[in-house]
Amino acid sequence: MGHLHHAALGWLTPALSYAMACTGAALGLRCTVRALAATGRTRRNWLLTAASAIGTGIWTMHFVAMLGFRVSGTDIRYDVPLTLVSLLVAVLVVCAGVFAVGYGRNRARALMLGGLTTGLGVASMHYLGMAAMRLHGEVSYDPVRVGLSVLIAVAAATAALWAALNTESPLAVTIASLTMGAAVSSMHYTGMYAVSVRVTPSGEALSGATAMQFIFPLAVGLGSYLFLTSAFVALSPTAGEHGASASARQHQPAGTTTAP
Numbered sequence: 007m008g009h010l011h012h013a014a015l016g017w018l019t020p021a022l023s024y025a026m027a028c029t030g031a032a033l034g035l036r037c038t039v040r041a042l043a044a045t046g047r048t049r050r051n052w053l054l055t056a057a058s059a060i061g062t063g064i065w066t067m068h069f070v071a072m073l074g075f076r077v078s079g080t081d082i083r084y085d086v087p088l089t090l091v092s093l094l095v096a097v098l099v100v101c102a103g104v105f106a107v108g109y110g111r112n113r114a115r116a117l118m119l120g121g122l123t124t125g126l127g128v129a130s131m132h133y134l135g136m137a138a139m140r141l142h143g144e145v146s147y148d149p150v151r152v153g154l155s156v157l158i159a160v161a162a163a164t165a166a167l168w169a170a171l172n173t174e175s176p177l178a179v180t181i182a183s184l185t186m187g188a189a190v191s192s193m194h195y196t197g198m199y200a201v202s203v204r205v206t207p208s209g210e211a212l213s214g215a216t217a218m219q220f221i222f223p224l225a226v227g228l229g230s231y232l233f234l235t236s237a238f239v240a241l242s243p244t245a246g247e248h249g250a251s252a253s254a255r256q257h258q259p260a261g262t263t264t265a266p
């Protein structure tokens with residue numbers, strides 16, 4: 007059996023992956039709050055932004071953490087197409103979850119459906135990402151720990167969507183985001199501790215790309231997207247500010263101009 011190192015780079019990868027999960031959750035929650043206060047095309051656009059933020063945040067968290075994953079006795083490569091499929095799955099299933107909450111008339115039912123869909127999607131993304139891993143040996147999983155990781159994913163997703171429906175203040179969103187980041191990280195490492203590898207030494211070259219060749223540049227790009235989008239959301243006016251601005255224009259006396 008190969009010895010597994012889950013943090014071969016020390017605390018760097020767990021801390022950075024947690025930061026990515028929190029950033030994606032915070033951005034997604036803020037966008038969902040904005041969406042629930044909007045209507046029509048504006049609501050749809052905010053929900054799409056929320057889904058892309060949460061999905062890419064979770065995916066980035068997973069693969070940043072995987073930068074620190076090592077197995078003694080074998081190199082590790084990643085299948086590029088399957089890795090990209092895992093990113094697409096993460097975004098699509100989160101999109102389904104936030105749209106269920108954003109447009110559901112019965113909030114309790116929408117929360118249950120959205121939490122279940124999103125949680126199963128997060129778990130699917132994790133195990134698709136693991137299936138993209140190439141090494142000299144056979145990977146197996148402890149079914150109990152796998153089941154526990156799926157339950158954590160569903161609970162984390164449901165809690166995040168509940169927070170989106172019930173929190174509006176920046177402090178509440180921050181606390182919810184930190185909690186969501188911890189839950190997603192817990193799901194990831196629970197799933198990783200379900201893994202065991204039986205190494206089969208071989209001189210044959212592995213197919214796929216190394217983490218530094220493919221995962222790291224993509225994670226940096228997605229992380230940059232999250233931070234830039236966070237800045238955009240922070241600077242964009244809320245629905246209340248839009249309403250106040252429109253009201254001010256309506257009550258402005260005819261023939262007057264605002265000061266430069």
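Going by the working numbering, the residue at position 83 of the sequence shown is 89; the numbering climbs one at a time, nothing skipped.
A virtual CB, placed ideally from N, CA and C, is assigned to each residue, including glycine.
So for residue i, helix, strand or coil by DSSP?
i: Leu154; result: helix
i: Ser202; result: strand
i: Ser213; result: coil
i: Ala13; result: coil
i: Thr196; result: helix
i: Thr80; result: strand
i: Ser251; result: No answer about Ser251 holds up, because its pLDDT of 39 lies below 50 and its placement is not dependable.
i: Arg49; result: helix
i: Ser191; result: helix
i: Asn112; result: coil
i: Met26; result: helix
i: Gly74; result: coil
Quickly, what does DSSP pair residue i with across the bridge? List them, please.
i: Ile181; result: Ile181 pairs with nothing; no bridge assigned.
i: Gly143; result: Val205
Looking at C-alpha atoms only, which residue of the options is the closest neighbour of residue i?
i: Gly197; options: Val86, Ala41, Tyr147 and Thr45; result: Tyr147
i: Gly125; options: Ala163, Met139, Val150 and Tyr133; result: Ala163
i: Leu141; options: Thr185, Ser202 and Tyr24; result: Ser202
i: Val205; options: Thr80, Gly135, Leu228 and Met186; result: Thr80
i: Tyr84; options: Leu224, Ser236 and Thr235; result: Leu224
i: Thr19; options: Val179, Tyr195 and Ser208; result: Tyr195
i: Ala211; options: Val226, Gly143, Ser236 and Thr235; result: Gly143
i: Leu232; options: Thr185, Leu177, Ala57 and Thr29; result: Thr29
i: Arg111; options: Leu171, Ala178, Cys37 and Thr185; result: Leu171
i: Ser58; options: Gly209, Leu94, Met218 and Leu177; result: Leu94
i: Thr180; options: His9, His11 and Val39; result: Val39
i: Ala31; options: Ala178, Ala215 and Gly209; result: Ala178
i: Ala13; options: Ser213, Ser23, Phe75 and Arg36; result: Phe75
i: Gly229; options: Leu15, Leu22, Gly16 and His11; result: Leu22
i: Ser191; options: Ser208, Gly227 and Ala71; result: Ala71
i: Met26; options: Leu10, Leu184 and Arg113; result: Leu184
Go through its chain and collect everything with a Cβ distance to residue i's Cβ below 6 Å, but skip five positions before and after it.
i: Leu167; result: Val107, Leu117, Gly120 and Gly121
i: Ala189; result: Ala162
i: Ala96; result: Gly61, Ile64, Trp65 and Met131
i: Val156; result: Ala129
i: Gly135; result: His68 and Ser92
i: Ser236; result: Leu33
i: Thr150; result: Reading off the sequence shown, one finds Val at residue 150, where the question assumed Thr. Counting only Cβ-Cβ distances below 6 Å, and skipping sequence neighbours, we find nothing.
i: Ala200; result: Tyr147, Asp148, Arg151 and Val152
Less than 8 Å between C-beta atoms, sequence neighbours within five positions excluded: which residues of the same chain meet that for residue i?
i: Leu54; result: Cys101
Please work out which residues of its chain come closer than 7 Å, Cβ to Cβ, to residue i, disregarding the five sequence neighbours upstream and downstream, and give them in chain order.
i: Phe222; result: Leu73
i: Ala137; result: Leu88
i: Ser253; result: For Ser253, the predicted structure reports a pLDDT of 47, less than 50, and the residue's modelled location is therefore unreliable. A value from the coordinates is still provided. Excluding sequence neighbours, Ser253 sits near nothing in its chain.
i: Ala41; result: Arg49, Trp52, Leu53, Ala56 and Gly108
Cβ-heavy atom distance between residue i and the ligand MN below 7 Å?
i: Ile60; result: Judged by which ligands are present, the structure shown has none, so any question about the ligand MN falls away.
Less than 8 Å between the CB atoms is what I'm expecting for residue i and residue j, so what's the real figure, rounded?
i: Phe220; j: Val104; result: Not confirmed; about 28 Å, so no contact.
i: Met186; j: Ala165; result: 7 Å
i: Gly1; j: Val145; result: Here the chain comprises residues numbered 7 to 266, so residue 1 is not present and cannot be evaluated.
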